[in-house]
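K.L.:
Residue numbers (the numbering used here): 11 to 811.
1) What did DSSP end up calling residue 126 once you bin it into helix, strand or coil?
2) Can the beta-carbon of residue 501 be found closer than 9 angstroms to that of residue 412?
3) What's the gap between the Cα of residue 449 and the Cα of residue 423?
4) Please report the distance separating the alpha-carbon of residue 269 from that of residue 348.
5) Specify, as a first and last residue, the run of the beta strand (DSSP E) that residue 749 falls within.
6) Measure the C-alpha to C-alpha separation of residue 798 and residue 76 and round it to an integer number of angstroms.
7) Within 10 Å of its beta-carbon, does residue 476 have 16 or more other beta-carbons around it, so buried, or fewer, so exposed?
8) Taking only heavy atoms of the ligand ATP into account, decide whether any of them is closer than 8 angstroms to the Cβ of residue 407.
9) Grab the span of the beta strand (DSSP E) containing residue 478 for me, first residue to last.
10) Going by C-alpha to C-alpha distance, which of 84, 121, 249 and 126 sits closest to residue 108?
11) Can you tell which of 605, 636, 600 and 607 has the C-alpha that lies nearest to the C-alpha of residue 620?
12) Kindly indicate the opening and closing residues of the alpha helix (DSSP H) around residue 256.
13) Going by the DSSP bridge assignment, what does residue 572 pair with across the sheet?
14) How long is the line joining the alpha carbons of residue 300 and residue 337, rounded to whole angstroms?
15) Threshold first: 4 residues or longer. Then list the alpha helix (DSSP H) segments lying entirely within the segment 407 to 444, N to C.
16) Closer than 8 angstroms by C-beta to residue 806: which residues in its own chain qualify, once you throw out the five before and the five after it? Chain order, please.
17) For residue 460, which three-state DSSP category applies?
18) Determine the direct distance from the alpha carbon of residue 219 to that of residue 67, and round the result to whole angstroms.
19) At what residue ranges does the segment 225 to 250 contain a whole run of the beta strand (DSSP E), taking only runs of 3 or more?
20) Among the residues of its own chain, which have a CB less than 7 angstroms from the CB of residue 165, if the five just before and after it don't count?
21) Look at the alpha carbon of residue 659 and the alpha carbon of residue 158, and state the distance between them as a whole number of angstroms.
22) Short check: CB of residue 367 to CB of residue 284, under 9 angstroms?
23) What does the alpha-carbon distance come out to for the pair residue 729 and residue 779?
24) With three or more C-beta pairs closer than 8 angstroms as the rule, is the segment 518 to 525 touching the segment 425 to 442?
25) Which term fits residue 117, buried or exposed, when burial requires 16 or more other beta carbons within 10 angstroms of its beta carbon?
26) Just verifying my parser: in three-state terms, what is the DSSP assignment at residue 364?
27) Put residue 633 into one of helix, strand or coil per three-state DSSP.
28) Helix, strand or coil for residue 280? Go by DSSP, reduced to three states.
29) Helix, strand or coil for residue 272, going by three-state DSSP, please let me know.
30) When burial is assigned at 16 or more other CB atoms within 10 Å of the CB, is residue 715 buried or exposed?
31) Span of the alpha helix (DSSP H) holding residue 97?
32) With a threshold of 16 other CB atoms inside 10 Å of the CB of residue 583, please say whether the residue is buried or exposed.
33) Please classify residue 898: is it buried, with 16 or more other beta-carbons within 10 angstroms of its beta-carbon, or exposed?
34) Take residue 754 and list the residues in its own chain whose beta-carbon comes closer than 7 angstroms to its own, dropping the five residues that flank it on each side.
35) So, with DSSP's three-state summary, where would you put residue 745?
36) Would you call the segment 759 to 766 and the segment 534 to 541 touching, i.e. three or more CB-CB distances under 8 angstroms?
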């Protein structure tokens, strides 16, 4: 079961609906049926909380039945969908698709008969999958795709703009909202008429951070400001002023001052000498003199990294070359630092730059162009669903759901409900009068379900206890914010609970998963797990079918083949001497020692690391450590050298089984230069191997495939040289296809039956197929099929366009 669940979740993760959702229980429902009120136009975004919903189902004409499997009926409309789905694979014929549907129906019928659909495992899996599908449906993927393309196109350009803002909550009184909008319209008219926008910003804007600079937002690119500001800026020509627009903070107008292509991002290094912003002038002068001296050293060719390491006060970066994360225009608070960085060419160094942190010298390490859409796709998508663009995605999803679910609001009832709030709401003590005539009025409806105001009042009473109400909110503003959340939660909960009725594709996917789940659980228990766990059944099956598991006659042999008989002889000579095989390969650089010394030096360690790497790459290698001494050295020095080299190799991961020690002492002098006696004071390395394939590699190093060496058990027909030899123990020379070969046969095994252990893999596969056929035959007997041929023909003759 665990294996099965793992496979399911992997498949699920790779599907197009790989999102996550947490499900919460739905409270008791209270709904009053009334006539539907008039349509309203408010649009809201969405958190989560349950809300009631009961739908009266209209009468439907019975749909024709195409086939019956056991007692399960399959409607023609469902059969058409199932057949079309299977025929997306061109290799599936209509008849095969129909057979698959019948088989699945039999499995489902048997699974339900055995109670699989009532198990907690099944219910939990289905609830999880339904939540994932629901979240995918409730997310507006069309809007996400549009915003991603729009954002990437905006990223190709940078804008410098100024704005004027009036602060007002999104939940303010409608009359206040209209008044603010009109004020900004008047200011816009003045700007268009020629009045200086900067002066107007200083006079009217309530954005304290930018009003003193004439509303100047500086240079920026996409994903730096809230979406409404960026949208207005990118959609307004240079020199023009946008219409008033709303963000969560209030209303704005924007004037676009300049545009230019994307400047790219930069990766810089810096050296910092810190100076506190309020430091005395004398301190600043002293630090300035120090940074100037460092700048002079850099111009004389001293390494930037060296000066950074020795003198920078940025302790996070000084030991790493002073590197800072890559950044773009408008992303740093310190504009002086940003401007100096972007003014540099790659590799150039700036003059000292003053910021609030102190004095910097900046080096431009790299200019980074805009990444391709494919490369930056994950970053853009993450930003879109988490920043203010996510509000647009939620609003559009809510609009779509409201339209599909025939959401209708009663504006008069909403106004009365908002007016019911008083100052107790701000103190978290508000409640409503049970005799309030508005309580039982329909505040909105979804399809045939009417939702009374009482449900909203209950929501507000609960919400006030834990939600922080912002400072400055009036009771009606708080009530509007609660109403927005109530609508969002109710619509989303209704959609989650009725998605099968709203969306045919959702219903099809859910049914498909349910079928797959029941099918896999049943097959897993009765076929797959049984085939691997039923050891008694395996043995019985093996003994009944033992003729299928016969081992043919085999020869345990080594084959050495080459175009050259001498090469075959040389390779065979190596094998004749036994393991480890001498590869006749030495490491080119021995360790050279001073007279009578044996300690490992740093230079020795460099060579030893290279030797270790060769041993790591070649798992079959065995290393000979050879100790040598000169005539004038002590007799025990060579042994000491071997021990210290061995200790280093063992400490660095080489195992003792892969080491051969040979103390040559004075018996193997260096003959390259008989007058250079220091070359005798050495440790040498030679390579051996336990693998015949390593011997093959040595022969083939100069010329590929000069020799081919194979070893193991051979059946007739697996190797032409073994086939040509007499199957008897010994060495035979064969000439075949213009090649010479020696075949060394160690043992010949006669034909025999495989043991159950030897045949286990094949037995398991065959036993599983046996159980599956047995299971299918049982299904056919238990669940006969009745076909309505006319309706079946409609299904199998339908072609997917």
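Where a beta carbon is used, it is the ideal one built from N, C-alpha and C, also for glycine. Values in this document were obtained by computation on a predicted structure and should not be read as measured data.
P.N.:
This is what the structure holds:
1) Three-state result, residue 126: helix.
2) yes
3) 9 angstroms
4) 18 angstroms
5) 749 to 759
6) 5 angstroms
7) With fewer than 16 other CB atoms across the displayed protein chains lying within 10 angstroms of its CB, residue 476 is exposed.
8) The ligand ATP is not part of this structure, which contains no ligands at all.
9) Counting along the chain, residue 478 falls outside any beta strand (DSSP E), and DSSP gives it neither H nor E.
10) 84
11) Comparing alpha carbon positions, the residue from 605, 636, 600 and 607 closest to residue 620 is 600.
12) Careful: residue 256 lies outside any alpha helix (DSSP H), inside the beta strand (DSSP E) at 255 to 257.
13) 717 and 750
14) 27 angstroms
15) 421 to 429
16) Within the same chain, and ignoring the five residues on either side of residue 806 in sequence, the residues whose Cβ sits closer than 8 angstroms to its Cβ are 93, 104, 105, 107 and 108.
17) In the structure shown, residue 460 sits in a strand (DSSP, three-state: E or B).
18) Bear in mind that the predicted position of residue 67 carries a pLDDT of just 43, short of 50, making it unreliable; the figure below should be weighed with that in mind. For residue 67 and residue 219, the distance between alpha carbons rounds to 57 angstroms.
19) 226 to 230
20) Cβ within range, chain order: 231, 232, 272 and 380.
21) Whole-angstrom Cα-Cα distance: 55 angstroms.
22) In this structure, residue 284 lies closer than 9 angstroms to residue 367 by Cβ.
23) 33 angstroms
24) No, they do not touch.
25) buried
26) In this structure, residue 364 counts as strand in the three-state DSSP scheme.
27) strand
28) Secondary structure at residue 280: strand, using DSSP grouped into helix, strand and coil.
29) coil
30) Exposed, since its Cβ has fewer than 16 Cβ neighbours within 10 Å.
31) Careful: residue 97 lies outside any alpha helix (DSSP H) and carries neither H nor E.
32) exposed
33) No answer is possible for residue 898: the residues shown for the chain start at 11 and end at 811.
34) 567, 568 and 741
35) strand
36) no
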